[in-house]
Amino acid sequence: MNLKKAFKDLIVKGIGAFIGIKIITIALPEVFQYNEVLGLFAIVVIVSGSFVCMEKFYDGCSWLINASKNEKQ
């Protein structure tokens with residue numbers, strides 16, 4: 001069970017951080033031109049939001065995999 005949790009954490013945090021960084025590099029220069037505090041807030045919101053999205057995506061995929069395994073049996 002610990003290996004499964006470690007794998008989930010690796011996927012959620014790794015891919016979530018990657019998506020967050022990609023979004024930041026695209027959108028953040030525009031935000032920082034207007035307000036630096038808003039830009040810092042945007043960094044936190046983007047990264048935490050991408051973590052949440054990846055966690056929901058992982059949970060949905062694992063539910064789908066478990067459902068298909070149960071259907072085959």
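In terms of full-length UniProt numbering, the sequence shown has 2 at position 2, counting the first letter as 1, and numbering is strictly consecutive. Think of the CB as a built atom: it goes at the ideal place given N, C-alpha and C, for glycine as much as any other residue.
Around the beta carbon of Val12, 16 or more other beta carbons lie within 10 angstroms, which makes this residue buried. Annotated three-state conformation of Asn70 is helix, per DSSP. For the pair Ala27 and Asp9, the Cα-to-Cα distance works out to about 26 Å.
Rounded to the nearest angstrom, the gap between the Cα atoms of Phe32 and Gly39 is 5 Å.
DSSP places Asn2 inside the alpha helix (DSSP H), whose first and last residues are 2–34.
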